[in-house]
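Participant: Quick note on my numbering: the sequence shown kicks off at 38 and runs consecutively. Quick reminder that beta carbons are idealized off the backbone N, C-alpha and C, glycines included.
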Amino acid sequence: MTRIKANSTALLLAILVPAAFSAEKKTPAAPQAKTAPAEKSAPSLTALQLELKAAVEKFVAEVAEENDGLYPLNDTMRDDAWNVSLKSFDWAATRDIGPEEKLVRAAMTGQGKTFLVDFTAAKDGKSWEILDEIIFSVDGVDRFTYNGKNERVPIRSAEPDDKTPLETEDSETEL
Numbered sequence: 038m039t040r041i042k043a044n045s046t047a048l049l050l051a052i053l054v055p056a057a058f059s060a061e062k063k064t065p066a067a068p069q070a071k072t073a074p075a076e077k078s079a080p081s082l083t084a085l086q087l088e089l090k091a092a093v094e095k096f097v098a099e100v101a102e103e104n105d106g107l108y109p110l111n112d113t114m115r116d117d118a119w120n121v122s123l124k125s126f127d128w129a130a131t132r133d134i135g136p137e138e139k140l141v142r143a144a145m146t147g148q149g150k151t152f153l154v155d156f157t158a159a160k161d162g163k164s165w166e167i168l169d170e171i172i173f174s175v176d177g178v179d180r181f182t183y184n185g186k187n188e189r190v191p192i193r194s195a196e197p198d199d200k201t202p203l204e205t206e207d208s209e210t211e212l
């Protein structure tokens, strides 16, 4: 009989102990503090963007290697060159300029200035080749813009010789 009593006690414990733990789990937990939303990760680049990025980086690195680690950015307006380094890309400014040609804009810095530079890239078989570059802006001041055909158009600035209709030599205003 003792054996039956011991078995029934063990059976009773086997039923009651898990029930006690499951009842403990069913009680509502204290409210937890909300966690901060996860930061948005940078958008991933498309295969084309990765190819263009690699082509520009390779081009800049090869030229910079020959020039003490800095890229000599030719400035046609100053007839001089700036020693700059590549910082980032502006993918929103990428343009199709031909059947197998793209315009890639990159930010470059050097000598206390920030430059946006447009690189012309052409598809050469499976890879992209950089054909040329031109400074689009210096410290946020654009040098030109693009028309609907993706052709470069100079930005007309007010020249000191420009006169408004009120300032012409023929018009004299008497008070």
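(1) If you check the beta carbons only, do Phe156 and Ala144 fall under 9 Å apart?
(2) Expressed to the nearest angstrom, what Euclidean distance is found between the alpha-carbon atoms of Arg193 and Arg180?
(3) Can you check which of these residues, Val100, Lys186, Leu89, Ser174, is closest to Thr113 by C-alpha distance?
(4) Pick helix, strand or coil for Leu85, following the three-state DSSP scheme.
(5) Sort Glu138, Lys186, Asn120 by Cα distance to Leu168 and report the nearest one.
(6) Of the residues Asp116, Thr146, Ile134, Gln86, which one's Cα is nearest the Cα of Ser122?
(7) DSSP three-state call for Glu211: helix, strand or coil?
(8) Going by DSSP in three states, Glu137 sits in which element: helix, strand or coil?
(9) Specify the secondary structure class of Lys124 as computed by DSSP and reduced to three states.
(10) By the 10 Å Cβ neighbour count, where 16 or more other Cβ atoms means buried, how is Leu140 classified, buried or exposed?
(11) Cα separation between Phe126 and Leu82?
(12) Can you check whether the CB of Phe152 is closer than 9 Å to the CB of Trp119?
(13) Distance check for Ala159 and Ile134, CA to CA, integer angstroms please.
(14) Output yes or no for whether 9 Å exceeds the beta carbon distance between Ile172 and Leu107.
Facilitator: Once the coordinates are examined:
(1) no
(2) 9 Å
(3) Ser174
(4) helix
(5) Glu138
(6) Thr146
(7) Below a pLDDT of 50, predicted positions are generally treated as unreliable, and Glu211, at 40, falls in that range; no measurement from the model is reported.
(8) coil
(9) strand
(10) buried
(11) 11 Å
(12) yes
(13) 10 Å
(14) no
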